[in-house]
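Just below is one structure, and these are the notes that go with it.
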Amino acid sequence: MHGVLNGADTAWVLAAAAMVLLMTPALGLFYGGMVRSKSVLNMMMMCLTAIPIVWVLWVVSGYSLAFGPDVAGLFGNPFTWLGLHGLFSVHGTLPLVGTVPAMAFVFFQAGFAMVTVALIAGAVADRMRFTSWLLFAGFWCVLVYFPVAHWVFAAPGLTAEHGGWIVSHLKAIDYAGGTAVEINSGAAALMMALILGRRRGWPRDPMRPHNLPFVMLGAGLLWFGWFGFNAGSALAADGSAAVVAANTLGAGAMSIVTWLTVERVRHGRPTSFGAASGVVAGLVAITPSCASVTPIGALAIGAIAGAVSSYAIELKYKWGYDDSLDVVGVHLVSGVVGTLMIGIVGSKAAPTGVAGLLYGGGVDQLWRQAVAVLAVLGYSAAVTAVIAFALKFTLGLRAHPQHEMDGIDDAEHAESAYDFHVARGGRVDLGR
């Protein structure tokens, strides 16, 4: 911990942290609109409960596991900041991370963990027990997210002298979470979809989004929050944050264009669902690379992510795995695209100052990015499988078949999102 407290930087990081926190309920809207009406509350609850689960664990020792003094490059010392002790005051001195209070950084990084956990919910829609989800989320945070966050985000000198192995030894670049957030959650989503099995009736029965305005609104709020997610990672109100914000805008915009173009060519019509998915694919891809490319590079990344992910979401029909809300096709695939593209279109003119293959840097950075992708993907998939099987053979993972058919909202929460009652005379009572 170092530096001198800077008021402008602190204000920006606090604002960015609030924007990142907004992303989790925004994801609830995004996912909630995608499911059938009988499952919308359950999906929103799965997303929203990621906030308290992560925060409690984060305060107890999760932050210390992620950012504490390094232990063999694999995780932070979990006992250094138990209960966040020592992070809000040390003998009257305010601890800092860079030029901002340590507690601002704690708040900011907690939002990353929250949305990462919530992302996995999209793969298990309509069929997972809520209690099992809560336990899974807690175990997954401790065993998967916190260690991987240390590998990727705990840069040497940021909060401790030595950092995680990916950032400090491999020297792969992941500015805001292409591996720790997107690939990590995407690999976990794939394993959960495989272990849980298909939704009843899938793919035979149509399972269309029940509320596309929800999806569009959720995508818009995610885009807004993503500026805090990426530009906030600069931890300063400076030129790097400005470049990152511009690249975040560009990649999201370009990804919509390519996704809709692919839809128009392949299926005859561009759709609102495709636009919402397209912007998220571009934002996912630019997350690791936002400080490593020029604005033109950001457009290239967005274009590739939109096109590749629009194809990738259809692989589940070909390969037979039921990733309900396309977490694998969008987050895993676009996360891989964005992480690898650093090694191809990275520019020394960008804030991180590393050149990729097309800018004269050779394959040096590309192989480092590839190793980071494979390491996080493999670790997340393996440990997720262990957690899932442990719960499956103890508490149970899957909801009762009748509950799935009738609607998991009523079975798990005794509620309905749309409670329309038919009154006498055939009129509809909207509960006014």
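All you need for my numbering is the position in the sequence shown, starting with 1, plus 38.
Ideal Cβ placement from N, Cα and C applies to all residues, glycine included.
Residue burial classification, residue i (beta-carbon count within 10 angstroms, cutoff 16)
| i | result |
| --- | --- |
| residue 355 | exposed |
| residue 146 | buried |
| residue 352 | exposed |
| residue 432 | exposed |
| residue 300 | buried |
| residue 170 | buried |
| residue 50 | buried |
| residue 471 | Absent from the structure is residue 471, since the part of the chain shown begins at 39 and ends at 470. |
| residue 302 | exposed |
| residue 453 | exposed |
Cutoff 6 Å; reference residue i; Cβ partners in own chain excluding five residues on either side
| i | result |
| --- | --- |
| residue 316 | 293, 294, 297, 344 |
| residue 193 | 201, 205 |
| residue 470 | Note that residue 470 scores 36 on pLDDT, short of 50, meaning its location in the model is unreliable; the coordinates nonetheless yield the value given after this. Nothing listed; no residue qualifies. |
| residue 182 | 418, 421 |
| residue 288 | 333, 336, 337 |
| residue 378 | 407 |
| residue 82 | 66, 70 |
Rounded Cβ spacing between residue i and residue j (contact assumed at less than 8 Å)
| i | j | result |
| --- | --- | --- |
| residue 365 | residue 257 | No, residue 365 and residue 257 are not in contact; Cβ-Cβ is about 15 Å, not under 8 Å. |
| residue 88 | residue 155 | 4 Å |
| residue 104 | residue 188 | 5 Å |
| residue 455 | residue 361 | About 23 Å; that fails the 8 Å criterion. |
| residue 80 | residue 450 | 6 Å |
| residue 339 | residue 77 | With 8 Å as the limit, residue 339 and residue 77 do not qualify as a contact, their Cβ atoms being about 33 Å apart. |
| residue 233 | residue 423 | 7 Å |
| residue 47 | residue 138 | 5 Å |
| residue 148 | residue 96 | 5 Å |
Neighbourhood of residue i by C-beta, 7 Å cutoff - its chain only, sequence neighbours within 5 removed
| i | result |
| --- | --- |
| residue 332 | 385, 387, 388 |
| residue 140 | 39, 125, 133, 134 |
| residue 106 | 114, 115, 116, 118, 119, 198 |
Short Cβ contact (8 Å threshold) for residue i with residue j
| i | j | result |
| --- | --- | --- |
| residue 58 | residue 266 | yes |
| residue 61 | residue 263 | yes |
| residue 471 | residue 151 | Outside the shown range of the chain (39 to 470) lies residue 471, about which nothing can therefore be said. |
| residue 425 | residue 178 | yes |
| residue 259 | residue 52 | no |
| residue 383 | residue 335 | yes |
| residue 372 | residue 323 | yes |
| residue 409 | residue 112 | no |
| residue 86 | residue 153 | no |
| residue 318 | residue 368 | yes |
| residue 160 | residue 363 | yes |
| residue 321 | residue 261 | yes |
| residue 342 | residue 374 | no |
| residue 370 | residue 277 | no |
Spatial neighbours of residue i in its chain, beta-carbon cut-off 8 Å, leaving aside the 5 residues before and after
| i | result |
| --- | --- |
| residue 186 | 217, 218, 222, 414, 417, 418 |
| residue 401 | 381, 395 |
| residue 463 | Low per-residue confidence applies at residue 463: pLDDT is 48, beneath 50, and the placement is therefore not dependable, though the value from the model is reported in the following sentence. Excluding positions up to five away in sequence, the list is empty. |
| residue 43 | 132, 134, 137, 138, 139 |
Chain D contact for residue i (CB, 8 Å cutoff)
| i | result |
| --- | --- |
| residue 440 | Absent here is chain D; the protein component of the structure consists of one chain. |
Next on the checklist: Three or more C-beta pairs under 8 Å: does that hold for the stretch 121-139 against the stretch 203-217?
Outcome noted: As far as the Cβ criterion goes, the stretch 121-139 does not touch the stretch 203-217, which means the pair count is below three.
Next on the checklist: Could you check whether the stretch 152-167 touches the stretch 225-241, counting it as contact only if at least three pairs of C-beta atoms, one from each stretch, sit closer than 8 Å?
Outcome noted: With the cut-off at 8 Å, the stretch 152-167 and the stretch 225-241 touch.
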